[in-house]
Amino acid sequence: MAAGSNDIPVLRIAQITDTHLYADPDGRLLGLNTRVCLQQVVQLAARRHPGIAVATGDLSHDASPQAYRLLQGCFSELQVPVYCLPGNHDEGAALRAALAGGPCHSTGFLHTAGWQLVFVDSTVSGSDGGHIADSELQQLDSLLAQAAERPAVVWLHHQPVAIGSRWLDTMAVDNGAAFFQVIDRHPQVRAVVWGHVHQQFEQQRKQVALLASPSTCIQFLPGSEAFAIDPVPPGYRWLDLYSDGSVTTGVERLNTIPGRIDPAARGY
Ligand SMILES: [Fe+2]
Numbered sequence: 003m004a005a006g007s008n009d010i011p012v013l014r015i016a017q018i019t020d021t022h023l024y025a026d027p028d029g030r031l032l033g034l035n036t037r038v039c040l041q042q043v044v045q046l047a048a049r050r051h052p053g054i055a056v057a058t059g060d061l062s063h064d065a066s067p068q069a070y071r072l073l074q075g076c077f078s079e080l081q082v083p084v085y086c087l088p089g090n091h092d093e094g095a096a097l098r099a100a101l102a103g104g105p106c107h108s109t110g111f112l113h114t115a116g117w118q119l120v121f122v123d124s125t126v127s128g129s130d131g132g133h134i135a136d137s138e139l140q141q142l143d144s145l146l147a148q149a150a151e152r153p154a155v156v157w158l159h160h161q162p163v164a165i166g167s168r169w170l171d172t173m174a175v176d177n178g179a180a181f182f183q184v185i186d187r188h189p190q191v192r193a194v195v196w197g198h199v200h201q202q203f204e205q206q207r208k209q210v211a212l213l214a215s216p217s218t219c220i221q222f223l224p225g226s227e228a229f230a231i232d233p234v235p236p237g238y239r240w241l242d243l244y245s246d247g248s249v250t251t252g253v254e255r256l257n258t259i260p261g262r263i264d265p266a267a268r269g270y
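Just add 2 to the spot in the sequence shown (first one is 1) and you have this note's numbering.
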């Protein structure tokens, strides 16, 4: 993952995930105003001057057009294109319709700065768990085959590997082996990045960095068997991509939690 110290990244990406906005601008998730949390994380991310952002799902909590409009307003502060994926709390068609225009884009892939970014929909209507449809796997395979000379990063909402938290791993991608069969055919893939788990996670699998990232609101306790909140501030992940195909990455968090988490919260 390390790049040469003299290299300058060709692209800096801010991954912003699990924003959980409501139609009501004062809507709260387990006590936190998700809109206020997102605004503060966006301000933090903007200080690093990313070239683009990727929003990896659960962008609204209630799948309402009003929530997506609020999201557009928050993301416009970044002043860069934001590539959006749906999560299990979103409704894909509503998300794509409401986010048309403005800073948000919904697309299957992007070629930029010599890299290919591939966006995979892992949502299943009516389910909190993830699955990658055969059509998505075929598209991933063919996009990677068509741009084999470009180093690639693959993005999705659900974790394609177990992260060691039993309750969250019941909602992982249920066909991760098929997903990695495709990834393994394309050695130019350098990272797979997801949201959903509301926590930082980093693991190396062959040449591929496996990365999950904090939510912009509530955090879940790593390694927990059952639902548990981690009382650490929200954040986002930055990724610097280099022309030699290397990636450096890290997580930045706010200094404090913006608000008070409901001490009676027992579920999500
Ligand atoms: Fe979420």
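For each residue, glycine too, the CB sits at the ideal point set by N, CA and C.
> Using the rule of at least 16 other Cβ atoms within 10 Å of the residue's Cβ for burial, across every protein chain shown, is Arg239 buried or exposed?
Replying inline: buried
>> Checking 8 Å against the spacing of the C-beta atoms, do Pro83 and His107 come in under that value?
In response: yes
> Helix, strand or coil for Cys76 per DSSP?
Replying inline: helix
>> Taking the alpha carbon of Ala55 as the reference point, which residue from Asp242, Ala69, Ala180 and Tyr270 has its own alpha carbon closest?
In response: Asp242
> Can you pull the DSSP bridge partners for Cys106?
Replying inline: Val84
>> Taking the straight line between their C-alpha atoms, what separation do you get for Ala211 and Gln68?
In response: 35 Å
> DSSP beta-bridge partners for His113?
Replying inline: Gln118
> Which same chain residues, not among the five before or five after Ile259, have their C-beta less than 8 Å away from its C-beta?
Replying inline: Leu34, Pro233, Val234, Pro235 and Pro236
> Which residue from Tyr244, Gln17 and Pro162 puts its Cα closest to that of Pro153?
Replying inline: Tyr244
> Looking only at its own chain, which residues have a Cβ that is under 6 Å from the Cβ of Asp9, when we skip the five neighbours before and after it?
Replying inline: Tyr244
> Which residue's Cα is closest to the Cα of Leu145: Gly110, Gly261 and Thr172?
Replying inline: Gly110
> So which residues touch the region around ligand 1, with touch meaning a C-beta under 7 Å from any heavy atom?
Replying inline: Asp20, His22, Asp60, Gly89, His91, Gly197, His198, His200 and Ser217
> Looking at the structure shown, is Pro52 part of a helix, part of a strand, or coil, going by DSSP?
Replying inline: coil
> Can we say the stretch 160-177 touches the stretch 195-210, given the rule of at least three CB pairs closer than 8 Å?
Replying inline: yes
> Count the other CB atoms within 10 Å of the CB of Asn90; is the residue buried (16 or more) or exposed (fewer)?
Replying inline: buried
> Looking at the structure shown, is Gln57 part of a helix, part of a strand, or coil, going by DSSP?
Replying inline: What sits at residue 57 in the sequence shown is Ala, not Gln. The answer is strand: DSSP assigns Ala57 an E or B state.
> Residue range of the beta strand (DSSP E) that Ile15 falls in?
Replying inline: Leu13 to Ile18
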